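**Student:**
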Amino acid sequence: MKNSELAKVFYEIAEYLKMDRVPFKPQAYEKAAIGIEALDKNIKDIYKKGGLKALEEIPGVGKSIAEKIEECLKTGRVKYYEEFRKKLPINLEEITKVEGVGSQKAKMLYEKLGIKNLAELEAAAKKGEIRTIAGFGEKTEKNILEGIAFVKKNTGRFLLGNIMPPVKEIYKKLKKLKEVEKIDIAGSVRRMKETIGDVDFLIISKNPKPIIDFFVSLPEVIKIWNKGKTKSSVRTKYGFDMDIRVVPEKSYGAALQYFTGSKEHNIVLRKIAIEKGLKLNEYGIFSAPGGSAAGGRKSKMLPSKNEKDIYKTLGLQWIPPELRENQGEIEAAQKNSLPFLVGYGDIKGDLHCHSSWGTAKNSIEEIANAAISMGYEYIGISDHTKFLKIERGLDEKQLAQQREEIKKLNAKFQNPNAKSNPKSLATRDLAKPDKCQIKKFRILQGCEANILADGSLDIKDEALAKLDYVIAGVHSNFKMPKEKMTERIIRAIKNPNVDIISHPTGRLIQKRDEYLIDFDKILAAAKAAETILEINSYPDRLDLKDTNIRKAKKADVRMIINTDSHSIASLPYMEYGISQARRGWLEKKDVINTLPVEKLMKFFKPR
DNA sequence: GCCGTTTTCGGCCCGACTGTTTTCAGTCG
40 MKNSELAKVF YEIAEYLKMD RVPFKPQAYE KAAIGIEALD KNIKDIYKKG GLKALEEIPG
100 VGKSIAEKIE ECLKTGRVKY YEEFRKKLPI NLEEITKVEG VGSQKAKMLY EKLGIKNLAE
160 LEAAAKKGEI RTIAGFGEKT EKNILEGIAF VKKNTGRFLL GNIMPPVKEI YKKLKKLKEV
220 EKIDIAGSVR RMKETIGDVD FLIISKNPKP IIDFFVSLPE VIKIWNKGKT KSSVRTKYGF
280 DMDIRVVPEK SYGAALQYFT GSKEHNIVLR KIAIEKGLKL NEYGIFSAPG GSAAGGRKSK
340 MLPSKNEKDI YKTLGLQWIP PELRENQGEI EAAQKNSLPF LVGYGDIKGD LHCHSSWGTA
400 KNSIEEIANA AISMGYEYIG ISDHTKFLKI ERGLDEKQLA QQREEIKKLN AKFQNPNAKS
460 NPKSLATRDL AKPDKCQIKK FRILQGCEAN ILADGSLDIK DEALAKLDYV IAGVHSNFKM
520 PKEKMTERII RAIKNPNVDI ISHPTGRLIQ KRDEYLIDFD KILAAAKAAE TILEINSYPD
580 RLDLKDTNIR KAKKADVRMI INTDSHSIAS LPYMEYGISQ ARRGWLEKKD VINTLPVEKL
640 MKFFKPR
């Protein structure tokens, strides 16, 4: 039984309890489910090692839920859950995916019409049966049908890297409106989560109506879920939903904090507020209960204009959005010990770029020019090697020829008259970087060698020794038993010619799981061999992922953020890699390509 | 059902919008 499956059981119990209007227990079960989901160990192992006591250590899990976990691990069933299922045997997860249908309506639909799943819900709505239920009407029925159509079409979450470009476009359009005094993107986009459920825009304005009207009539909008005086939500043609919220200036900090989330982070903040005799909502932080949009009669609004005010009033350092997941950041902020995160402008070069020597789009010179215009000081060309025929992998001879070309280009890029990079890279606008000149731009030659099934590489050591650096990655035989795969990668880590392991866990978000590996052993080996692990910025990779990055930092392993670009159009993906590094609590010193080239190369194996 | 630097009992985060009501429940974020 996987942790996620067990968590799902408790989430569903929470839903069933909500249907019965049981107070407080639903939240307790939800909390336990969150606690289980957040575990980085298999719950089976935790139970094996420490029994019931160890289970009760899990946040949100007490005696009663620990016993239910035990029951589930032993028998594969939870009686308490099955009793609910017997009473209401419906596919809750499926039905409540439909916008506007929650647990209460799901219950009614089953009791009145016997609806158990999405297909039956659709059939009933088409026959016009839904409107016959008390409390349901024609409009609800129509909305349910539309909701089902959307559920069928969409998978739910969207890759950060896919969603960002259209979101930035819409952001620009909204920003241009004269009524908009200030605008931010909040929500999981601001937190730079690897996948995004929906997009939240937050705006300051004294005149919300024209903004909301403009928002719902954007050409990207295909469905208006709701439209009120100060907020609205819509579906875009790209498939994702967007919310907009307009607030007055004095509430902006509180609103930005509130709508950035995460939900778990905010709940803790509100509790801290209550402990201090304060009240926190999206309108501000108030000195006494009863605060509201108009300001309660007895409560006084404390400074809420910016987020720092809110955090300060709660006795906390301002917390970067990427950390707001209630994973220890609040405790760190209380102790004034938050990390100073690697910045979006700190990267000095990208060492994982493919060129037209293989199947990638651009020549080395084109890549170098693009890198210069992004403000980089160096770029690393790392084409695939010969095992990957489909990518026209390079052999020993071609690598030598490529080295000659790079030598010539490097001579060309030494420009003693150029000004040094005047400002740090504004990564958030990487799509349109400023032109700037670099005194000494350097092209490094690497390669991305293939880690074969036995852990050896597909190219001769002598050839590797002539390169500036070597990346090695797994590109075949993904499905090996855990022990073998771990050994395979560790052998590559120990290879005296290998400097960097690319996309170390091999996952493709929403497509392919990580390889079966013992990640702790990989980390220990990387630490011992001083081999660097890559944070791959490609939108569907983001590998290492945030939680693994944090583990790697704890293991004192060095990391590098690369894009794995096969075209210069992908160089700006760097932003996503940096964001994951930040989510993994990395500081500048943890990331080697924040260093100038001479210092960077000290982290490579002696050649 | 869980949890505790005021507590082992008595608390549990909060407000906008919609649709169906005639004063509010359900849903969502």
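This note's numbering puts the first residue of the first sequence at 40, with every later residue one more than the last.
Beta carbons: idealized from backbone N, C-alpha and C, even for Gly.
These numbers were taken from a predicted model, which means no experiment stands behind them.
Applying the 10 Å Cβ sphere with the 16-neighbour rule, what's the burial state of Gly330?
**Tutor:** Residue placement at Gly330 cannot be trusted, given a pLDDT of 39 that sits under 50; what the coordinates show is reported in the next sentence. Label assigned to Gly330: buried.
**Student:** Quick check: the Cα distance between Gly115 and Val137, rounded to an integer number of angstroms?
**Tutor:** Distance between the alpha carbons of Gly115 and Val137 is about 29 angstroms.
**Student:** Flag this pair as yes or no: are the beta carbons of Thr602 and Ile556 separated by less than 7 angstroms?
**Tutor:** No. Outside cutoff.
**Student:** Taking C-beta to C-beta, are Asp348 and Phe298 nearer than 7 angstroms?
**Tutor:** No, they are not a contact pair.
**Student:** Count the other C-beta atoms from every protein chain shown that fall within 10 angstroms of the C-beta of Pro204, then say buried if there are 16 or more, exposed otherwise.
**Tutor:** Answer is exposed; the Cβ neighbour count stays below 16.
**Student:** I believe Pro249 touches Glu218 by the beta-carbon criterion, under 8 angstroms. Please report the beta-carbon distance rounded to the nearest angstrom.
**Tutor:** The Cβ separation is near 5 angstroms, so the contact holds.
**Student:** Would you mind listing the beta strand (DSSP E) stretches within the stretch 531-603 that are 3+ residues and don't spill past its ends, in chain order?
**Tutor:** Listed in chain order, they are 571-575 and 598-601.
**Student:** Got a sec? Which residues, its chain only, sit under 8 angstroms from Ser463 by beta carbon, not counting five neighbours each side?
**Tutor:** Low local confidence applies: a pLDDT of 38 at Ser463 is under 50, so the model's placement there is unreliable, with the coordinate-based value given in what follows. Same-chain partners within the cutoff: Gly382, Gly384, Asp385 and Gly414.
**Student:** Do you know offhand how far Leu241's Cα is from Trp624's?
**Tutor:** Taking the straight line joining both Cα atoms gives about 26 angstroms.
**Student:** Between the C-alpha atoms of Lys64 and Leu56, what's the straight-line distance to the nearest angstrom?
**Tutor:** Rounded to the nearest angstrom, the two C-alpha atoms are 7 angstroms apart.
**Student:** Curious, which full-length alpha helix (DSSP H) runs of at least 4 residues does the stretch 149-180 contain?
**Tutor:** Fully enclosed alpha helix (DSSP H) runs of 4 or longer: 157-166.
**Student:** In three-state DSSP terms, what is His391?
**Tutor:** It is a strand residue.
**Student:** Using DSSP with H/G/I as helix, E/B as strand and the rest coil, what is Lys88?
**Tutor:** Of the three classes helix, strand and coil, the one that applies to Lys88 here is helix, per DSSP.
**Student:** My understanding is that Gly545 touches Leu483, with C-beta atoms under 8 angstroms, so please give their C-beta distance in whole angstroms.
**Tutor:** About 25 angstroms; that fails the 8 angstroms criterion.
**Student:** Just checking my contact of Ala578 with Gly226 at CB under 8 angstroms: how many whole Å lie between their CB atoms?
**Tutor:** Ala is not the amino acid found at residue 578; the sequence shown has Pro there. About 18 angstroms separates the two Cβ atoms, so there is no contact after all.
**Student:** I think Glu416 touches Gly397, with their Cβ atoms under 8 angstroms apart; what is that distance to the nearest whole Å?
**Tutor:** Not quite, the Cβ-Cβ distance comes to about 24 angstroms (not below 8 angstroms), so this is no contact.
**Student:** Should the stretch 145-162 be called in touch with the stretch 87-101, which here means at least 3 C-beta pairs below 8 angstroms?
**Tutor:** At 8 angstroms Cβ cutoff, the stretches do not touch.
**Student:** Does the Cβ of Gln440 have 16 or more other Cβ atoms within 10 Å, making it buried, or fewer, making it exposed?
**Tutor:** With fewer than 16 other Cβ atoms within 10 Å, it is exposed.
**Student:** On the three-state DSSP scale, how would you describe Gln366?
**Tutor:** Gln366 falls in the coil class under three-state DSSP.
**Student:** Measuring CA to CA, which of Lys590, Arg363, Lys400 and Leu547 is closest to Lys566?
**Tutor:** The candidate whose alpha carbon is nearest that of Lys566 is Lys590.
**Student:** Check whether the stretch 558-573 touches the stretch 592-606, counting contact only when three or more Cβ pairs, one atom from each stretch, lie closer than 8 angstroms.
**Tutor:** Verdict: yes, contact present.
**Student:** Per the contact definition of three or more C-beta pairs closer than 8 angstroms, is the stretch 313-329 in contact with the stretch 247-265?
**Tutor:** Contact between the stretch 247-265 and the stretch 313-329 is absent, because fewer than three Cβ pairs lie under 8 angstroms.
**Student:** Span of the alpha helix (DSSP H) holding Gly200?
**Tutor:** Start and end: Leu199 to Lys215.
**Student:** Alpha carbons only, please: which of Glu522, Ile490, Glu364 and Ala371 is nearest the one belonging to Leu355?
**Tutor:** The candidate whose alpha carbon is nearest that of Leu355 is Ala371.
**Student:** Find the nearest neighbour of Gly494 within the set Lys191, Ile529, Pro98 and Leu639, judged by alpha-carbon distance.
**Tutor:** Taking only the C-alpha atoms, the option nearest Gly494 is Ile529.
**Student:** Evaluate Val61 with the Cβ neighbour count: other Cβ atoms within 10 Å of its Cβ, from every protein chain shown; 16 or more gives buried, anything less gives exposed.
**Tutor:** With fewer than 16 other Cβ atoms within 10 Å, it is exposed.
**Student:** With Thr275 as the anchor, note down where its beta strand (DSSP E) starts and where it stops.
**Tutor:** Counting along the chain, the beta strand (DSSP E) containing Thr275 begins and ends at Lys270 to Thr275.
**Student:** Please name the residue, chosen from Pro645, Asn42, Asp582 and Lys644, that lies closest to Tyr615 on a Cα-to-Cα basis.
**Tutor:** Of the listed residues, the one whose Cα sits closest to Tyr615 is Asp582.
**Student:** Tell me where the alpha helix (DSSP H) around Arg229 begins and ends.
**Tutor:** Element bounds for Arg229: Gly226 to Arg229.
**Student:** Nearest to Phe647 by alpha carbon, out of Lys451, Lys505, Lys245 and Gly176?
**Tutor:** Outside the displayed range of the chain (40 to 646) lies residue 647, so it cannot be described from this structure.
**Student:** Exposed or buried, which one is Asp629 when buried takes at least 16 other CB atoms within 10 Å?
**Tutor:** Looking at its Cβ environment, which holds 16 or more other Cβ atoms inside 10 Å, Asp629 is buried.
**Student:** With a CB to CB cut of under 6 angstroms and the five nearest residues on each side skipped, what residues in its chain are close to Tyr350?
**Tutor:** The answer, listed in chain order, is Trp357.
**Student:** So, with DSSP's three-state summary, where would you put Phe325?
**Tutor:** Phe325: strand per DSSP, three-state reduction.
**Student:** Flag this pair as yes or no: are the beta carbons of Pro359 and Leu380 separated by less than 7 angstroms?
**Tutor:** Cβ distance < 7 angstroms, so Pro359 and Leu380 count as in contact.
**Student:** By DSSP's criteria, Ile222 is part of a beta bridge. Which residues make up the other side?
**Tutor:** Paired residue(s): Ile242.
**Student:** Which value, in whole angstroms, describes the spacing of the CA atoms of Ser301 and Ser244?
**Tutor:** One C-alpha to the other measures close to 25 angstroms.
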